[in-house]
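Visitor: Before anything else, here's the structure in question.
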Ligand code: ARG
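Residue numbers (this note's numbering): 166 to 582.
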């Protein structure tokens, strides 16, 4: 009996060619798995196509809720944004697909899994490392890493020769990956880092220029750092993100143009559309400004950067991720409240925030007569807080850039050689 391999199947040309190629080259039976993470593709047609091209079985699974609950929300709670701009949509989707490939491989008694990634991106690393973390015994095969020389024309020729349906839109100027959390667009003209991204790359966002002149407001409700309501109505995770993508996209929010550092050492020009992610990251962070102390916020920001790198670098399924997740979960226990965001011509601005257990106390911060802050205590505080600075100036003179009035060092305080 031939061995079995489970292929992550998108329905596109490359993974269709891969079904045939794996059978020919490795003499394996190919089972396909298509995971719905919210890309809004024709799932029934993809399944039919897999079987037509020669798969012995074709799985199609809706993993939108699992994606949001187990991957997107933990990343949002962490504040994980790669290099300060990329909310990690593609990077969060890969480990879940790998996990589901492993599940199907076990169910089917397969000895290997396969994916359509090439040998120069991050995605291959995420698939391979996630698979091996969960199932070291499974082999991972990436046909496109072995074909390296098969370009688009060659793939089309291969498909025609073997009766694999070729999409009518043969002209495919960009490489695009889509899930609920965002669209990633790369390649083609965008490889010119000086070129402004053409309008045609966007599918979810209006150009800020064409967005409504009138601003829109959204109110996001959070419980322990997880978004639970939109404009006061309780909404499930996936549909909250979907609706926010539409609302914020209409106002041109969430376009990201980044020159990015890939794990494999290459710098690459990446474009993203992530309207909901842009709004939610800003709103979540705003709620934390009310509910975390300065020390908690400062430390969490460092963790967020580590966490973002870890996700980007394909290390989701690691003990290190478990540890960071435990810390983040602990920080979220009082992050409950609501945030109001104004959407207008490409910008998402937080304009209001409130929390059940807010640390903001107006009676302490006010300049009005309700003030309860003890002003007289400030004198003693400043005396002790400033003590090391005053001591140093007395002993060693003022700082070099203290200006013309900086005191000269006292003669007694000569520096020892
Ligand atoms: N640069 C992004 C990342 O590594 C997006 C990758 C997009 N993949 C694609 N096939 N277009 O997460």
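From the three backbone atoms N, C-alpha and C, an ideal C-beta is built for every residue, glycine too.
(1) Kindly indicate which three-state DSSP category residue 247 falls into: helix, strand or coil?
(2) Given this structure, state the Cα-to-Cα distance separating residue 486 from residue 384, to the nearest angstrom.
(3) What alpha helix (DSSP H) runs, 4 residues minimum, are completely inside the segment 336 to 415?
(4) Compare the C-beta of residue 206 against all C-beta atoms of chain C and say whether one is closer than 8 Å.
(5) Reducing DSSP to helix, strand and coil, say where residue 322 ends up.
(6) Out of 193, 382 and 452, state which residue places its alpha-carbon closest to the alpha-carbon of residue 276.
(7) Count Cβ pairs between the segment 286 to 297 and the segment 421 to 429 that sit closer than 8 Å; are there 3 or more?
(8) Quick check on the burial criterion: 16 or more other C-beta atoms within 10 angstroms. Buried or exposed for residue 547?
(9) Under the criterion of a Cβ to heavy atom distance below 7 Å, does residue 256 qualify as lining ligand 1?
(10) Give me the Cα-Cα distance between residue 537 and residue 255, rounded to the nearest whole angstrom.
(11) Give me, in chain order, the residues of the same chain whose beta-carbon lies closer than 8 Å to that of residue 397; leave out the 5 immediate sequence neighbours on both sides.
(12) Under 8 Å between the Cβ atoms of residue 188 and residue 195?
(13) Does the distance from the C-beta atom of residue 198 to that of residue 266 stay below 8 Å?
(14) Assuming residue 233 contacts residue 406 under a Cβ cut-off of 8 Å, what Cβ separation, rounded to an integer in Å, is found between them?
(15) Return the Cβ separation of residue 455 and residue 518 in integer angstroms, given the expectation that the two are a contact with Cβ distance under 8 Å.
(16) Decide yes or no for the touch test of the segment 487 to 506 against the segment 347 to 360: beta carbon pairs closer than 8 Å, at least 3 of them.
(17) Using the three-state DSSP reduction, which class does residue 488 fall into: helix, strand or coil?
(18) For residue 551, count the other beta carbons within 10 Å of its own beta carbon; 16 or more makes it buried, fewer makes it exposed. Which is it?
(19) Judging by CA-CA distance, which residue of 258, 500 and 168 is the nearest neighbour of residue 203?
(20) Determine the burial state of residue 506: buried for a count of at least 16 other Cβ atoms within 10 Å of its Cβ, exposed for fewer.
(21) Do residue 134 and ligand 1 come close, with the Cβ less than 7 Å from some heavy atom?
(22) Whose CA, out of 530, 271, 479 and 437, lies closest to the CA of residue 302?
(23) With hydrogens ignored, establish whether the beta-carbon of residue 195 is closer than 7 Å to any heavy atom of ligand 1.
(24) What does the alpha-carbon distance come out to for the pair residue 230 and residue 402?
(25) What is the DSSP secondary structure of residue 276, reduced to helix, strand or coil?
(26) Once DSSP output is grouped into helix, strand and coil, what is the label at residue 518?
(27) Who are the Cβ neighbours of residue 179 in its own chain at under 7 Å, not counting the five residues just before and after it?
(28) Would you mind reading off the limits of the alpha helix (DSSP H) that contains residue 202?
(29) Between residue 449 and residue 249, how many whole angstroms is the CB-CB distance? I'm expecting something under 8 Å.
(30) Here's the rule: buried if 16 or more other CB atoms are within 10 angstroms of the residue's CB, otherwise exposed. What is residue 294?
Guide: In short, the structure shows the following:
(1) The residue you call residue 247 lines up with position 82 of the chain shown. The DSSP-derived three-state label of residue 247 is strand.
(2) Against the chain shown, residue 486 aligns to sequence position 321. Against the chain shown, residue 384 aligns to sequence position 219. Rounded to whole angstroms, residue 486 to residue 384 spans 31 Å at the Cα level.
(3) Complete alpha helix (DSSP H) runs here, min 4: 402 to 415.
(4) Here there is only one protein chain, and chain C is not present.
(5) Here the question's residue 322 lines up with position 157 in the chain shown. Looking at residue 322 - three-state DSSP - the assignment turns out to be helix.
(6) In the chain shown, residue 276 corresponds to position 111, counting from 1. Looking at the Cα atoms, 193 is the closest of the given residues.
(7) The segment 286 to 297, when compared against the segment 421 to 429, does touch it at the 8 Å Cβ threshold.
(8) In the chain shown, the residue the question calls residue 547 occupies position 382. Residue burial is scored here from C-beta neighbours: residue 547 has fewer than 16 other C-beta atoms within 10 angstroms and is therefore classed as exposed.
(9) Taking the chain shown and counting its residues from 1, the one referred to as residue 256 is at position 91. True, at least one ligand heavy atom lies under 7 Å from that Cβ.
(10) The residue you call residue 537 lines up with position 372 of the chain shown. The residue you call residue 255 lines up with position 90 of the chain shown. Take the alpha-carbon of residue 537 and the one of residue 255: they are about 49 Å apart.
(11) Your numbering for residue 397 matches position 232 in the chain shown. Within the same chain, Cβ atoms closer than 8 Å to the Cβ of residue 397 are found at 384 and 386, the five residues on either side in sequence being excluded.
(12) Position 23 of the chain shown, counted from the start, is the residue given in the question as residue 188. Position 30 of the chain shown, counted from the start, is the residue given in the question as residue 195. Going by C-beta atoms, residue 188 is nearer than 8 Å to residue 195.
(13) Counted from its first residue, the chain shown places residue 198 at position 33. Counted from its first residue, the chain shown places residue 266 at position 101. Between residue 198 and residue 266, the C-beta gap is smaller than 8 Å, which places the two residues in contact.
(14) The residue given as residue 233 occupies position 68 in the chain shown. The residue given as residue 406 occupies position 241 in the chain shown. Their Cβ separation, rounded to whole angstroms, is 7 Å, which keeps residue 233 and residue 406 in contact under 8 Å.
(15) Here residue 455 refers to the residue found at position 290 of the chain shown. Here residue 518 refers to the residue found at position 353 of the chain shown. With a contact defined as Cβ atoms closer than 8 Å, residue 455 and residue 518 qualify at about 6 Å.
(16) No: the two stretches stay apart, fewer than three of their Cβ pairs being nearer than 8 Å.
(17) Here residue 488 is taken as the residue at index 323 of the chain shown, counted from 1. Residue 488 falls in the helix class under three-state DSSP.
(18) Locating residue 551 in the chain shown gives position 386, where the first residue counts as 1. Its Cβ having fewer than 16 others within 10 Å, residue 551 is exposed.
(19) What you label residue 203 is simply residue 38 of the chain shown in a count that begins at 1. Closest by alpha carbon: 258.
(20) Looking up residue 506 in the chain shown gives position 341. By the 10 Å Cβ count, residue 506 comes out buried.
(21) Absent from the model: residue 134. The displayed extent of the chain is 166 to 582, so no value can be given.
(22) Residue numbering aside, residue 302 sits at position 137 when the chain shown is read from its first letter. Ranking the options by Cα distance to residue 302, first place goes to 271.
(23) What you label residue 195 is simply residue 30 of the chain shown in a count that begins at 1. No, Cβ of residue 195 sits at least 7 Å from all heavy atoms of ligand 1.
(24) Here residue 230 is taken as the residue at index 65 of the chain shown, counted from 1. Here residue 402 is taken as the residue at index 237 of the chain shown, counted from 1. Between residue 230 and residue 402, the C-alpha separation is close to 7 Å.
(25) As a first step, residue 276 is located in the chain shown; it is residue number 111 there, counting from the start. Coil, per DSSP.
(26) As a working mapping, residue 518 is identified with position 353 in the chain shown. Shown here, residue 518 sits in a strand according to DSSP, grouped into three states.
(27) In the chain shown, counting from the first residue as 1, residue 179 sits at position 14. Result list for residue 179: 281, 309 and 320, in chain order.
(28) Walking along the chain shown from the start, residue 202 turns up at place 37. It is not in any alpha helix (DSSP H) - residue 202 carries neither H nor E in the DSSP assignment.
(29) The sequence position of residue 449 within the chain shown is 284, counting from 1. The sequence position of residue 249 within the chain shown is 84, counting from 1. About 15 Å; that fails the 8 Å criterion.
(30) Counting from one through the chain shown, the residue named residue 294 turns up at place 129. With 16 or more other Cβ atoms inside 10 Å of its own Cβ, residue 294 counts as buried.
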